[in-house]
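Numbering (the numbering used here), first residue to last: 444 to 1496.
Beta carbons: idealized from backbone N, C-alpha and C, even for Gly.
This one's a predicted model, so the numbers in the text were calculated from it and none came from an experiment.
What follows is one structure encoded as structure tokens, with my remarks underneath.
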């Protein structure tokens, strides 16, 4: 068939181009300067045309080729093919259905996560060095009513500008718009106006009206993620599509049935603006590589009798994934779990989006041409405005846009908006809870602590912290900490009256549990509250790494899209995901991952009998049998560096490591090394060993997404955590009903919640340790007054603190991890310890997924690419698809499980490494983290930070993950050997990383700041309002239980 002339309409795929040249006489239309003269000379030689979603076959081109027999579309859509003209001319048409479904669905999820959880903004925040100056801010008052509208319908005359001002206004200032369909679906000018004026909360866009032109107004908007039309832009999908195009051409010329024929029963809207050609009587068939036909004047094809094919089904999963990613990207630090999602067009992609959104506990409704039978979703609304109005009572909060009306032109008003995520058409390539919690905390504390008056010292009013401790040590009876700061031995020892440490987190790594036990101090945390947040983030990290969401975002913002197509990404759907730590968060991750058809395995201390996932007693085995490893276990001495070089090597060069546990769970040095050397495919990291210090080598890596420990950093979760902290304090000091409640001393080790602090200060003697310049003096003066310490992941209760508090009874950790608490000292002192498991699971899991999507789909890079105006100058490199990627999770605990759940929604095979196999999990379990890394493409670190998990992700693990692997860390920075991670990223041994945590926070390795394959977040995995409140509630409830001589809600043995 070498003599058969085939006209390739535009650059599409190197593999396709090479195969066409090898099998046919290939003409490259885009290289021709005088197209009219060229067609006149070659009109009798060209018998086939290969087009795509950008350039197909309009009436002029078809008429110019009298010998044309077939048009093969390198896409699902047929909007670039004149179907009527093909029918008139008897030209056959094929497309590439089914192939790109996963890619687009993956990117959809990635865009949602990127917008909702502000992946791109967080990544820039870390890279810019701003993290060192302060914590990343939570979003304000956008949480409970922030909903998402996903555009996934075909483009026809009826659906052009279906998203108009009326629909946008109905969605409102708390809503998010995700477009992974076509740019003209949205009235771009109205979208820009709404975003600039605050009438819309955010957007995630993979398509634009005049691609590659993107409205410049969008470039400066932080609430927009821009992708360069890469919904199906993954290596796997593009090759499959190319094979399908070649198969259709060969079938046609061998007189065999077409593989994917397109029937000429459609008459979509026409277009006469594509091509300078004059009509020729020539074509017999058109093949378009898109799912729609509107650009190709379908009426002409029908008129001429020309057959047309497209590529339906292929990109369904990819677009759906992208839609979810945009949702998360727009909502940023807000949780996606539990929101109502309206979908316009419940076709293949719409159903795929719905499936994934369900994994996040979202409520689904839809609008389609007719009511869809056999579906449980609410649908068949009269119009889009009615749909949105039915979903929302208030306005639009944000938008995630992957498509625009005049791509690559993007409305300039969007560029400066923080609630918009703008992607360069790459779909196929909470405060209320915190306040409510704090209210409960304070009311409970009042009831319990009015036995005697307090001196009312305020810790941050003292420059000398030692003096402050000395002054108030006899009045401080409780310490409130978090994942950053809990209660170490020194703090515990400096507070002789300390009775309880309440941590506003699940982890207890910031509390010296041994010292608490020694002192008889009780410890409480905030379990369950942040489970959803962390699990959401884990999935977001996976999608960000695989689909290169952040990189895509930068690509669009920088204007590179105009110079060329974005490089292909990797799909998530169907990947094997290993989860290390199948606790609450691990389980939540697993649930979400299931929605992506991922194969899930896990490693945990013991097998979970109630899980159907495959259990691997050895982490290396888990890593060897998964493509994505999610680290979601607790940090203990045993889990420190649990993800080491062996695990990373087991994960392999195509594996992706996701860490939403603790940084020390991963041997950071080995991780960096593996990424730089290409021994790991990529990483999504929310936690780091030395937070906020992030290995500099990671900053410049495109296959890494770095988040600043924000897995549970949603408004909703943080408020819930705060409520839980106060509840723990109430329980401790409320031994019995009090007639005249007395304020008692509670030591808060680090800033956690402003609302919580204000309420505590107004009603109790609150000591703020971080404000004391001389801690020794502080403890001398106040140690006897402190009976409880509340810490978190930044500052807990070490041995020194515990020893300084002679009356300390309990340390409550405002986190899940206990790595900031000296457990041995607590044990020696008899100090009780609690943490906040489950509370932040969803936040961290959400962020993990967002990081994956951001890294893989290059969301941040694409956003920057569009916003910088580079799209007009050329094409961009494709990202990697998320759907189907193997995910290894280090730590299949609560967060790890939550990540796995989310990853499953992307069809990813899931495996995990944990202390022991989880009997309740159906994921493959690897007893060895290297094996896990060797068998996954994405490794998510979500385990607890202990001595055993410190640098668990080391060079061996990173090398096992390999040059195609992605590492996500939403655990602790010390989980990963940061220098090795940086090294691996710089040397190409790791494809990418998404990081929310770092070894020396807020220090981030400078080498990472310039890496496009890295997404950096400022430790915001659980930083949502809902989770914060839930964690606070649990902290307080544990404290109340302790001082009431009742069983602790979440005791640490």
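Check your understanding: In angstroms, rounded to a whole number, what distance separates the CA positions of residue 1235 and residue 1142?
Key -> 26 Å
Point to revise | At least 3 beta-carbon pairs within less than 8 Å: the segment 1041-1050 vs the segment 1098-1116 | key: no
Point to revise | Straight-line gap, residue 637 to residue 651 (C-alpha atoms, nearest Å) | key: 16 Å
Review point. Rounded C-beta distance between residue 1133 and residue 1441? I'm assuming under 8 Å.
Key: 6 Å
Check your understanding: Name the DSSP bridge partner or partners of residue 669?
Key -> 648
Check your understanding: residue 791: buried (16+ other C-beta within 10 angstroms of its C-beta) or exposed?
Key -> buried
**Study point:** Start-to-end residues for the alpha helix (DSSP H) that takes in residue 1067
**Key:** Run containing residue 1067: 1062-1067, per the alpha helix (DSSP H) assignment.
Practice item. Can you check DSSP and say which residues form a bridge with residue 704? Key: 537
Point to revise | Beta-carbon gap between residue 1415 and residue 1130 smaller than 8 Å | key: Their beta carbons are under 8 Å apart, which means residue 1415 touches residue 1130 by this criterion.
Check your understanding: How would you label residue 484, buried or exposed, when you count the other beta carbons within 10 angstroms and need 16 or more for buried?
Key -> Exposed is the call here.
Point to revise | Environment of residue 571 [buried if 16+ CB atoms lie within 10 Å] | key: exposed
Check your understanding: In this structure, does DSSP put residue 1211 in helix, strand or coil?
Key -> strand
Check your understanding: Can you tell which of 448, 595 and 554 has the C-alpha that lies nearest to the C-alpha of residue 520?
Key -> 595
Point to revise | CA-to-CA distance, residue 1231 to residue 1491, given in whole angstroms | key: For residue 1491 and residue 1231, the distance between alpha carbons rounds to 14 Å.
Check your understanding: Can you check whether the CB of residue 1350 is closer than 8 Å to the CB of residue 1327?
Key -> yes
Review point. Who are the near neighbours of residue 798 in its chain, counting only those whose CB is closer than 6 Å to its CB and skipping five residues on each side?
Key: Contacts found: 1038.
Check your understanding: Which parts of the segment 1267-1302 are runs of the alpha helix (DSSP H), unbroken and 4 residues or longer, counting only runs that do not cross its ends?
Key -> 1284-1299
Review point. Which first and last residues belong to the alpha helix (DSSP H) in which residue 1366 is found?
Key: Element bounds for residue 1366: n/a, residue is neither H nor E.
Practice item. Helix, strand or coil for residue 470, going by three-state DSSP, please let me know. Key: strand
Point to revise | Residue from 553, 1014, 917 and 807 with nearest C-alpha to residue 683 | key: Looking at the Cα atoms, 1014 is the closest of the given residues.
Review point. Within 10 angstroms of its Cβ, does residue 461 collect 16 or more other Cβ (buried), or is it exposed?
Key: The residue in question, residue 461, is exposed, as its Cβ has fewer than 16 Cβ neighbours within 10 Å.
Practice item. Determine the contact status of residue 1280 and residue 968, defining contact as a CB-CB distance below 8 Å. Key: yes
Point to revise | Cβ pair residue 990, residue 1322 closer than 8 Å | key: yes
Point to revise | Under the three-state DSSP convention, the category residue 497 falls into | key: In the three-state reduction of the DSSP assignment, residue 497 falls in the coil class, being assigned neither a helical nor a strand state.
Practice item. List the endpoints of the continuous beta strand (DSSP E) containing residue 1257. Key: 1253-1261
Review point. Are there three or more Cβ pairs, one per stretch, closer than 8 Å when the segment 1291-1311 is compared with the segment 1422-1441?
Key: Because the criterion of three Cβ pairs below 8 Å is met, the segment 1291-1311 and the segment 1422-1441 touch.
Point to revise | Given 8 Å, three or more beta-carbon pairs between the segment 503-512 and the segment 469-487 | key: yes
Check your understanding: In whole angstroms, what separates the C-alpha of residue 537 from that of residue 530?
Key -> 13 Å
Practice item. Compare the C-alpha of residue 1450 against each of 962, 1159 and 1145 and name the closest. Key: 1145
Check your understanding: In terms of residues, what are the limits of the alpha helix (DSSP H) holding residue 506?
Key -> 502-507
Practice item. Please report the residue range of the beta strand (DSSP E) in which residue 964 lies. Key: 964-967
Check your understanding: With distances taken from CA atoms, which of 1292, 1495, 1147 and 1253 is nearest residue 567?
Key -> Of 1292, 1495, 1147 and 1253, the residue nearest in Cα terms is 1147.
**Study point:** Whole-Å CB distance - residue 1000 paired with residue 649, under 8 Å assumed
**Key:** Not really, about 14 Å apart at Cβ, beyond 8 Å.
Practice item. Can you tell me which of the three DSSP states residue 1409 falls into? Key: Strand, per DSSP.
Exercise for review: Select from 966, 1061, 496 and 1071 the residue whose C-alpha is nearest the C-alpha of residue 1342.
Suggested key: 1071
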